[in-house]
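Engineer:
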Amino acid sequence: MNLFPALGVTLGLIIGYYSVRIIAARMGKPLPSLGELMFPLHHTDSKIDQANKRRGKR
Numbered sequence: 000m001n002l003f004p005a006l007g008v009t010l011g012l013i014i015g016y017y018s019v020r021i022i023a024a025r026m027g028k029p030l031p032s033l034g035e036l037m038f039p040l041h042h043t044d045s046k047i048d049q050a051n052k053r054r055g056k057r
């Protein structure tokens, strides 16, 4: 059995995690959840919808 694919995936996950963590720290924001990383537009839309709901109907 060849372990090189597992090693490559593991290394990619580690590098990806730390790069997202560094970028979030530089932007001054908390670490995003998995859902925000996979579907960023959906989460942006839902935050806008929640803000509009709090203001009430016009």
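Following numbering that gives the first Met the number 0, the numbering of the sequence shown begins with 0 at its first residue and continues without gaps. All C-beta atoms in this analysis are idealised placements derived from N, C-alpha and C, irrespective of residue type, glycine included.
1. Got a sec? Which residues, its chain only, sit under 6 angstroms from A23 by beta carbon, not counting five neighbours each side?
2. Can you grab the Cα-Cα spacing for the pair G34 / M0, in whole Å?
3. For G7, report the span of its alpha helix (DSSP H) as first-last.
4. CA-CA distance, F3 and G27?
Structural biologist: This is what the structure gives:
1. Looking up residue 23 in the sequence shown gives position 24. Taken in chain order, the residues that qualify are L30.
2. For the purposes of this step, residue 34 is identified with residue 35 of the sequence shown, where counting begins at 1. For the purposes of this step, residue 0 is identified with residue 1 of the sequence shown, where counting begins at 1. Approximately 34 angstroms between the Cα atoms of the pair.
3. As a working note, residue 7 is residue 8 in the sequence shown. F3 to M26 is the extent of the alpha helix (DSSP H) around G7.
4. Position 4 of the sequence shown holds residue 3. Position 28 of the sequence shown holds residue 27. Cα to Cα, the separation comes out at about 36 angstroms.
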